[in-house]
Every structure is written in structure tokens, then in C-alpha cells.
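Just below is one structure, and these are the notes that go with it.
Protein chains: 2
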Amino acid sequence: MTTLGYALLGLLAREPLSGYALTSQLKGRIGPFWSTTHSQVYPELSRLENGGLVAHRVVEQSDRPDKKVYSITAEGLKALKEWVTSPVEPRTTRDELVLRAHNAWVADPLEAAIFFREQERLHEERLSDYEIKREWMKREWGEDIRRADSSLFGNYAALRRGIIHERGYVEWCRWVADSLEHGTGGEAASEVDR
Amino acid sequence: MTTLGYALLGLLAREPLSGYALTSQLKGRIGPFWSTTHSQVYPELSRLENGGLVAHRVVEQSDRPDKKVYSITAEGLKALKEWVTSPVEPRTTRDELVLRAHNAWVADPLEAAIFFREQERLHEERLSDYEIKREWMKREWGEDIRRADSSLFGNYAALRRGIIHERGYVEWCRWVADSLEHGTGGEAASEVDR
DNA sequence: TAACCCATGTAAACGGTTACATGATTTC
DNA sequence: GAAATCATGTAACCGTTTACATGGGTTA
Chain R
711 MTTLGYALLG LLAREPLSGY ALTSQLKGRI GPFWSTTHSQ VYPELSRLEN GGLVAHRVVE
771 QSDRPDKKVY SITAEGLKAL KEWVTSPVEP RTTRDELVLR AHNAWVADPL EAAIFFREQE
831 RLHEERLSDY EIKREWMKRE WGEDIRRADS SLFGNYAALR RGIIHERGYV EWCRWVADSL
891 EHGTGGEAAS EVDR
Chain X
711 MTTLGYALLG LLAREPLSGY ALTSQLKGRI GPFWSTTHSQ VYPELSRLEN GGLVAHRVVE
771 QSDRPDKKVY SITAEGLKAL KEWVTSPVEP RTTRDELVLR AHNAWVADPL EAAIFFREQE
831 RLHEERLSDY EIKREWMKRE WGEDIRRADS SLFGNYAALR RGIIHERGYV EWCRWVADSL
891 EHGTGGEAAS EVDR
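Spelled out as C-alpha cells, the structure:
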């Protein structure tokens, strides 16, 4: 089983969906922590169905193309449940920006500073988008976001990760940009550092 | 050009290295933000050499196998320099733990809490390793880690990213575990939340 | 003597992205 | 009239991981 398979099972555990709808959800919902395209989803659904983890029925529509609506099976739910707490093999987090910072010393420092300042702004923007979404969740979903047995808690937890991630990213970009601006000579460094 | 290509150029901009040595460095140094294996490095070095970005000379050794030591060319340094501040196309950060949290509601809450508590401990451990390395860098490299034109600044910046990343990760894991422990019923939630 | 380090390569498999393919309806 | 949305699929390509392949020297 691939991780994408579990991502799909997770969405189907919430509600039955078509391949198209699953693809749409994996573009914004779990958001920047997993994504895919329809060309990966359709074959994966076939594999899940062959394994007995999902099942589909055809829903005929008059105004739109017919669709296959997939549901999770009891077996699928069991597999998902077991996966959640199963041992993790460590995967490398690839981050191109870290590589760029790693080699910023070969570039023009002020040009590099502008680059990281721009990245800071970009992540700040994403952070505030997330903060807005968080307020929306609190308002709209209330106490359910704290209930460990509610799927809304899952959504909230993913968003919280996004917020914490972006906060850290903004902090780091700012520090890199500051360092590149002030650390061009050999003079005493200010304590931006924590 | 692939990102791995630039990662290799970045290491060769610091010092000439063999394919084997490059592979070793990409297992610990830039650490958890990029990694590779020798089976990817050797072909990539050939490609870089065909493009005129690196060059090698054979160093004969008596006690060990002969090796090809690669150096970056002027053209390679130029390419690296330009890449550092070139526009980034956004890439999805894939994080399996976020997916697990997203689906934690289908699992047994207390079992899931144990799982995330264990992850918290794991990342705390990694964090303190990084903190120790940071103190080492400050002691050993001194003010050079703040000089924008020093390769040591690049190393320090990558480590700083690691520290900030792990801090956030610990915070999030703790929050998830706390929520899973206390949010099993419908009772009023404590303010772990920030 | 078994495991590990040095050293370099190729081949197969896998997961993910991009492109190809089709086609109706709805919105701007 | 053009673009976007709904809807499902296949094919090609690319980057990464795992396995295959070889072989001498050192350490436990």
C-alpha cells in the first residue's frame, strides 16, 4: 500500500467521493502536506478496489457526465485504522530553499537577501491565510475540532501543522535575510539570533 | 538541471570531492533536507561533466581503490550562483505524519496519543542533537558563521532551519498528543492551544 | 572470519508529474 | 466565442530507491 492510498482512504472514511472529487480535495484540503493529480488517483482507486478496501457504484447524471462514487469498506477502515499508529520509516524532507541558503555565500549577498525577503513575505501570506481558515474553523465547527473522535479534529490538526510550519518558515527566512544584509563585512553581529 | 545537481555543485564549490565523498556528505551534512544514494550521484556527476560544470582527475591510491576527484569549473560556479536566487516553482511538502493526524479520529484515541507522544520524543531528541551541533559550530567557527560570504554561514543556515523545523515539530506533536488525551469526551478543553 | 569502509558503476522498480485523449455543460 | 468545470482514463517521462555487481583493505 502506498501513502497516497491511505490519503484516499482517509477522505473516503469521511464521505463517499468520486475520483474527480478526491483529486479536488487533495489540491487544497490536507493542503500543502500531500497532493496528487487525477492520473495518479484513478489507477490507485482500481488497486484499492482490487484489494477490497473500497467499492464503487455508478451514479448516473443527466446534466453532467456519469461518475463512479467510491466508498470505504469495513476492511478499508480497518486498514486505515491500523496504519495511523503503525511504525514510521523515516523519510527525507526535501527543501530546496535550505539548499539555496546553503549556497547563498557564492551569490551576491544583497541579491540573496532580496530573494529570502521575498520568500519571507510569501510564507507570511500563506500563514495569514491559514490563520483566517483557523478562525473560520473555530467559528463554524466549535468544540468538535477538539474531539479526538471527530474527523473535524483531523482537519484542524492538519491546519495547525500548516500554521506552525509557516511560522517557523517565516522566522527562518527573516533570519537568513537579516544575516545576509548585516553579515556582509566582518563587523559585530546584532542579536537577531535565538 | 536537477536540484540534486545543484546540491552537488554546492558541495564542490566548497572543496573537490569524489563521488563517494559527495554521497557521504549528502547523508549527514545538509542533513535532513536533502539526501541521495551513490547510484544517483555517479550518473549525475557524468551529466554535470558533460555540461562542463565539473571536471575530474583520477587520484591513484595504493592502500585504497583509485578515485575520481571532481572539482567545480568557472561555468559551474556561475550556474550555481545564478540558481541560488532564481525563481522557485512551488513544490508540495509531503508529510506522512500530518496524514496520520488527519485520520487519527478513526483510531483508538489513547493508542494514537501514545504514537504522537513517541514522535514528540523522537523530534525532541533530534532537536537537542542539532542544538549541540550548533554550540559546536559557534565554538569552532566563531564569527565566520555570520559572514554572508563564508561557506560556513551556509552550513549554519541549514542547521538553523533544522532547529526551527524540529522546534515546530515537537510543539505540534505535543499538541496533537495532548488533544488526543484530553479530547476523548465532550468536556471543556484546556488551553494548550495557541 | 565476519562486518565495515572505501570506491564505482548498472539495472530494475516505484511514485509522481506532465502530456495525450475525449466530450458535455456552464460561466464570463 | 473562450475559458472553466465536471468526469475518466492512458502513456511517457523523470527523479528516487532498492537491488545487483565487484573487490581490496581494515577493524572487531
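Chains as they are written, first to last, in the working numbering: chain R, 711 to 904; chain X, 711 to 904. Just so you know, even glycine gets a beta-carbon here, dropped at the ideal spot from N, CA and C. From a predicted model like this one, the values you see are computed outputs, not experimental measurements.
Where residue i falls, given that 16 or more other Cβ within 10 Å makes a residue buried
i: Asn760 (chain R); result: exposed
i: Val798 (chain X); result: exposed
i: Val769 (chain R); result: exposed
i: Gly762 (chain X); result: exposed
i: Val773 (chain X); result: According to the sequence as given, residue 773 (chain X) is Asp; it is not Val. With fewer than 16 other Cβ atoms within 10 Å, it is exposed.
i: Asp776 (chain X); result: exposed
i: Ile842 (chain R); result: exposed
i: Thr733 (chain R); result: buried
i: Ser754 (chain R); result: It is Glu, not Ser, that sits at residue 754 (chain R) in the sequence shown. Buried, by the Cβ-count rule.
i: Ala823 (chain X); result: buried
i: Pro800 (chain X); result: exposed
i: Gln771 (chain R); result: exposed
i: Lys791 (chain R); result: buried
i: Gly872 (chain R); result: buried
i: Ser861 (chain X); result: buried
i: Leu820 (chain R); result: exposed
i: Glu785 (chain R); result: exposed
i: Glu725 (chain R); result: exposed
i: Trp846 (chain R); result: exposed
i: Ser749 (chain X); result: exposed
i: Ser889 (chain X); result: buried
i: Gly864 (chain X); result: buried
i: Glu876 (chain X); result: buried
i: Arg694 (chain X); result: Lying before the first or after the last residue shown, residue 694 (chain X) is absent from chain X, which here runs from 711 to 904.
i: Gly852 (chain R); result: exposed
i: Arg870 (chain R); result: buried
i: Arg767 (chain X); result: exposed
Simplified DSSP assignment, three categories, for residue i
i: Ser728 (chain X); result: strand
i: Ser796 (chain X); result: coil
i: Gly878 (chain X); result: helix
i: Gly673 (chain X); result: The question about residue 673 (chain X) has no answer, for chain X in this structure spans 711 to 904.
i: Thr712 (chain R); result: coil
Cβ-heavy atom distance, residue i to the ligand PLP, below 7 Å
i: Leu727 (chain X); result: Summarising the ligand content, the structure contains no ligands, and the ligand PLP is consequently not present.
>> Beta carbons nearer than 7 Å to chain R: which residues of the stretch 759–770 of chain X have them?
In response: Cβ contacts with chain R: none found.
>> Please give me, in chain order, every unbroken run of the alpha helix (DSSP H) with length at least 4 that falls completely inside the stretch 800–862 of chain R.
In response: Along the length of the stretch 800–862 of chain R, whole alpha helix (DSSP H) runs at least 4 residues long occupy 806–812, 819–851, reported in chain order.
> In chain order, which continuous runs of the alpha helix (DSSP H) of length 4 or greater are located wholly inside the stretch 719–787 of chain X?
Replying inline: Whole alpha helix (DSSP H) segments, 4+ residues: 729–738, 748–760.
>> Residues of the stretch 781–798 of chain R in Cβ contact with chain X at a cutoff of 7 Å, in chain order, please.
In response: So the close ones are Leu787, Leu790, Lys791, Val794, Thr795, Val798.
> Which residues, in chain order, does the stretch 845–860 of chain X contribute to contact with chain R at a C-beta distance below 8 Å?
Replying inline: Taking 8 Å as the Cβ-Cβ cut-off against chain R, the residues of the stretch 845–860 of chain X that qualify are Glu853, Arg856, Arg857, Ala858, Asp859, Ser860.
>> Closer than 7 Å between beta carbons: that is the criterion. Which residues of the stretch 878–894 of chain X meet it against chain R?
In response: For the stretch 878–894 of chain X, the set of positions with a beta-carbon nearer than 7 Å to some beta-carbon of chain R reads Gly878, Glu881, Trp882, Trp885, Val886, Ser889, Leu890, Gly893, Thr894 in chain order.
> Of the residues that make up the stretch 712–739 of chain X, which ones have a beta carbon closer than 7 Å to any beta carbon in chain R?
Replying inline: Residues of the stretch 712–739 of chain X with a C-beta atom less than 7 Å from some C-beta of chain R are Thr713, Tyr716, Ala717, Gly720, Ala723, listed in chain order.
> In chain order, what residues of the stretch 817–836 of chain X put their CB closer than 7 Å to some CB of chain R?
Replying inline: So the list reads Ala817, Pro819, Glu821, Ala822, Phe825, given in the order they occur along the chain.
> Using a beta-carbon distance cut-off of less than 8 Å, what residues from the stretch 798–810 of chain X approach chain R?
Replying inline: For the stretch 798–810 of chain X, residues whose beta-carbon sits nearer than 8 Å to a beta-carbon of chain R comprise Val798, Arg801, Thr802, Thr803, Arg804, Asp805, Glu806, Leu807, Val808, Leu809, Arg810.
> Of the residues that make up the stretch 740–751 of chain X, which ones have a beta carbon closer than 7 Å to any beta carbon in chain R?
Replying inline: In summary, the residues of the stretch 740–751 of chain X whose CB is separated from some CB of chain R by less than 7 Å are Ile740, Pro742, Phe743, Trp744, Ser745, in the order they occur in the chain.
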